[in-house]
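*Asks:*
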Amino acid sequence: MEMPPFSAFAFPFLLFPLLLSSTPPSPSTPLQPSIPLSNFSMENAAEISALSDFRRALEDPLGALSGWDPYGAGAPCSWRGVICSPSEPRVIELRLPRLRLAGNISSSLSTLSHLIRLSLRSNILSGPIPPTLFQLPRLRFLFLQHNALTGPYPGSNISVLEVFSAADNLLSGPLPTTLPPKLSFLDLSSNSFSGFIPSNFTSSAPRLRFLDLSFNRLGGTVPPALGSLRFLLYLHLDGNLLEGTIPALLANCSSLLYLSLGGNNLRGILPLAVAGIPTLQILALSNNQLSGSIPSSILFNYSSASPPHLRILQLGQNAFTELSFPSQWTARLAASSSVLQVLDLKENGLAGSFPSWLSNITTLVVLDLSGNSFSGTMPPNIGRLSVVRELRIGGNLLNGHVPAEIGQCVSLRVLDLEQNRFTGEAPAIVGTLDRLTDLYLGGNLFTGRIPRSLGNLSNLEYLSLYKNRLTGDFPEEFTKLNKLIFLDLSGNGLTGEIPATIGILQRIENLNLSDNAFSGNIPVMIGNLSNLRILDLSRQKNLSGEIPDELFGLPNIEVISMAENLLTGLVPEGFSSLWSLKKLNLSSNSFSGSIPATYGYLPSLQVLALSDNHISGMIPFELGNCSNLTVLRIRSNKLHGSVPGDISNFHF
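Using mature numbering (1 follows the signal peptide of the UniProt record, and there is no 0), the letters of the sequence shown correspond one by one to residues -21 to -1, 1 to 631.
#1: What does the Cβ neighbour count give for Arg400, buried or exposed, with the cut at 16 atoms within 10 Å?
#2: Out of Leu104, Ile95 and Asn461, state which residue places its alpha-carbon closest to the alpha-carbon of Glu38.
#3: What is the DSSP secondary structure of Thr341, reduced to helix, strand or coil?
#4: Could you have a look at Gly572 and say whether DSSP puts it in helix, strand or coil?
#5: Going by DSSP in three states, Tyr50 sits in which element: helix, strand or coil?
#6: Which partner residues does Val393 have in the DSSP bridge list?
#7: Considering only the alpha carbon of each residue, which of Leu439, Ser349, Glu384 and Gly472 lies closest to Leu370?
#8: Going by DSSP, what residues sit across from Asp166 in a beta bridge?
#9: As a quick exercise: from Phe453, Glu397, Thr458 and Phe425, pick the residue whose alpha carbon is nearest that of Ser443.
#10: I need the straight-line Cα distance from Val622 to Gly596, nearest angstrom please.
#11: Nearest to Leu80 by CA position, among Leu128, Pro109, Thr90 and Leu91, is which residue?
#12: Locate the alpha helix (DSSP H) running through Asp494, then write down its first and last residues.
#13: Looking at the secondary structure, which residues open and close the alpha helix (DSSP H) in which Arg35 lies?
#14: For Phe497, which residues from the same chain have a beta carbon less than 8 Å from its beta carbon, with the 5 sequence-adjacent residues on both sides left out?
#15: Could you say which of Pro40, Gly42 and Pro49 lies nearest to Pro32 if we only look at CA atoms?
#16: Helix, strand or coil for Asn435? Go by DSSP, reduced to three states.
#17: Mind reading off the beta-carbon distance from Pro76 to Arg100? Whole number of angstroms is fine, and I expect it under 8 Å.
#18: In whole angstroms, what separates the C-alpha of Thr341 from that of Pro287?
#19: Taking the DSSP output, what are the residues bridged to Glu222?
#20: If you draw a straight line from the alpha carbon of Leu97 to that of Pro534, how long is it in whole angstroms?
#21: Could you spell out the range, first to last residue, of the alpha helix (DSSP H) harbouring Val253?
#22: Which same chain residues, not among the five before or five after residue 632, have their C-beta less than 8 Å away from its C-beta?
#23: Any idea which residues DSSP pairs Gly174 with across the strands?
#24: Using 10 angstroms around the beta-carbon of Trp47, count the other beta-carbons present and answer buried if the total reaches 16, otherwise exposed.
#25: Sort out for me which residues DSSP pairs Asn378 with in a bridge.
#26: In the structure shown, what three-state DSSP assignment does Thr129 receive?
#27: If I measure Cβ to Cβ from Ser583 and keep anything under 8 Å in the same chain, skipping five residues before and after, which residues do I get?
#28: Name the two residues that bound the continuous beta strand (DSSP E) containing Phe299.
#29: Is Gln387 helix, strand or coil when you go by DSSP?
#30: For Asn616, which residues in the same chain have their Cβ closer than 8 Å to its Cβ, ignoring the five residues on either side in sequence?
#31: Cβ of Thr181 within 9 Å of Cβ of Ser207?
#32: Nearest to His125 by alpha carbon, out of Leu115, Thr426 and Ser168?
#33: In this structure, how does DSSP classify Lys325 when only helix, strand and coil are distinguished?
#34: May I ask you to report which of helix, strand or coil DSSP gives Glu476?
#35: Run the CB neighbour count on Met(-21), radius 10 Å, all protein chains shown included, and call it buried at 16 or more, exposed below.
#36: Let me know if Leu420 comes out buried or exposed under the rule of 16 or more other beta-carbons within 10 Å of its beta-carbon.
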C-alpha cells in the first residue's frame, strides 16, 4: 500500500511507533483488475491513446514502459503500472514510482476520466503540473513528490481529492486561497512557495488531518484560522520566514499529535494552551526567537485530565530565560507517568542551578541543555537516567567533579560535557560506558593523566579532551580504539613521544595533538592513516627531526600544521603529491633550502605558511598557478628577488 510521505525526522526510532498509531488517511488496498482480456473492446481506445501520448513525452532510461504495446492483448490494463476497474476496462490507477522517468507530465492524462489514483513520485519529472489533472472528476489520490516539477500550484477544482503530495519539487508562487473540500492530506514541503499563508487557506478543507508546508519561503504570520481544523493531526510549518507570535487558537486543534514551527522568526512566549494540547506528542519549536519562561507543566503535562502524551519537546535555539521549577511533590508524581523521551533546550538563555528534577523523567532518551548558563555542580541523581542515549550539557558554567553516578547511565552513546568548569581528574568511570560513540570532555579544568579506562570504549568514534590541564604521556590504550574517527588532545601538557602505534588507528580522519609538549620525531606510522584529512602537530616546541617521507602518500589529507617545532631538513617537496591539500603550515621551524616550485601544482591549496624558517632562494613563479591560494606567509626567511606578479595580491 502506498502511504503518504512524512517529513524527515531526527529521531526515527521514536517516531516509528507514533506513525503506526496515527497515520494519515489512504485507501486500504489497491484495486486489482479482474476483467478477462477477451472482454476488452475499443471503448478504451481513448485511454490507450492518452497513455501512449504520456509515454512519448518521457525519457525512460530503464525501459520501464517498453511493454506498453497499444496493440497488445488487454491493453492498457495489462501494462506495467496500470490498474483497471474490476467492473469495466477503464483505468482507475496509474502507479509509476521510482523509475527514473524524466520529462514533462502530459496533459493527455486528463482523458483518464475514471482515474482514482495517480502516483508518479520519486522520478525526475520536470515542467509544470498540468492544471487539467485537477479537473479529473474521480481523482482522490495524487502523488507527485520527489521530482523536479516547476511552476505555480495548479488549480484545485477536484471536489473529491483527498490526498495530494507534491513535496520536494521546485514549485513556486503563492499558495492557493482554497483547497478541495474533501482534502485530508496536503504535503507541499520543500518547494519555493512564497507570500503569506492565506487566512482562509484551510476554511474550504475542514477535514484536513495532515498539513505540511515546511521548507518553503512563506512569510507573514501563522494564521489563527488554522485552529479551526479540529481533525488536524500533523501541522508542519518549519523552515519558513514566518514572524509574529504563536496563535493561542492553535489549541483548538484538539486532536493534534505533531506541531512543528521550528526554523522561523517567531517571537513572544509559548502559549500554555498550545503546549497543553492533551493529545500532543511532538512539539518542535527550535530555532526561533521565543522568550520568557518554559513552564514545567509542559514537560509533565500534569494539569491535564488525561495521561501525558508529549514524547518530544524541542525548544532549542530560542531566547528562553527561565525554566520554572515544579514542587517536589508535583515533579515526583508527574514524572512517574511521563512519556517524554526527547528534551532539547539547547542554546537559550537559561541560567541557575542544574535542574536536578529533570532526573525524575526517567524515560528520557535525549537530554540537551548545552549552550546555556547553568551553574553549580552536576547532581549525582543524574544516574537515574538509565535509558538516556544522548546527554549534552556542554557550554554551560558547571563546576566541581563529574559525579561517579554518571556511570549508571549505561545506555549512553553521546556524552558532551565540553566547555564547562569541571575540575579534578577526568572521570575514569566513563570508561565503563561501553556503548559510547561520542565523548566530549574538552574545555574544562581536568587535571592529572588521561584515564586509561577510556581505551575500553571499543565503539568510540569521537574523543575530545582539548584545553584541559592534563599531563602524562599519550595513552597506549588508545590504540585499541579501532573505530576512532576524531581525536583532539590539543591544549594540554602531554609529554613524551608520540607512539608509533598511533598508526593502528586506521579509521581516524582528524588528529589534533597541538599545543602540548611532545618530543622526539614524527612517527613514520602516521603515513598508514589513509583516511586522515586533518593533522595538527603544531606548537610542541620539542618535536624534532625531518618529516617522514611516508606522510607524502596520505591520499585524503587536506590540512597539515606542524608550526612552532624544531623540525629540520629541506622544505619537503613530497607535499606536492598531496592533491587534496588545502592548508600547509610549516612556520617557525628550521627548514632550509628553497620553496619547491612543484607546490605551484597543488590544485586545492588555499594557505601556504612557511614563515620563520631558514628558507632561501626566490619565490617560485609557479605558485601563481594555485588558483585557490589566498594566503602566502613567507616572512622572516632568506628569500630574495621580487614577488612574482601573479601572487602579488595574496595575503602575506
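Heads up, the beta-carbon is just placed ideally off N, CA and C, and yes, glycines get one too.
*Replies:* In short:
#1: exposed
#2: Leu104
#3: coil
#4: strand
#5: coil
#6: Glu369 and Asp417
#7: Ser349
#8: Ser144 and Asp191
#9: Glu397
#10: 12 Å
#11: Leu128
#12: Here Asp494 belongs to no alpha helix (DSSP H), and DSSP marks it neither H nor E.
#13: Ala24 to Arg35
#14: Phe453, Leu473, Thr474, Gly475, Glu476, Ile477, Leu516, Gln519, Asn521 and Leu522
#15: Note on residue identity: the sequence assigns Asp, not Pro, to residue 32. Closest option to Asp32, Cα to Cα, is Pro49.
#16: helix
#17: 5 Å
#18: 14 Å
#19: Thr200
#20: 49 Å
#21: Leu251 to Ala254
#22: A question about residue 632 goes unanswered here, because the residues of the chain that appear run from -21 up to 631.
#23: Leu197
#24: buried
#25: Thr356 and Arg400
#26: strand
#27: Glu537, Trp558, Ser559, Leu560, Lys561 and Asn607
#28: Ala298 to Leu302
#29: helix
#30: Leu589, Ser590, Asp591, Asn592, His593, Ile594 and Ser595
#31: yes
#32: Ser168
#33: coil
#34: strand
#35: Unreliable positioning characterises Met(-21) in this predicted model, as indicated by a pLDDT of 42, which lies under 50. A coordinate reading is not provided.
#36: buried
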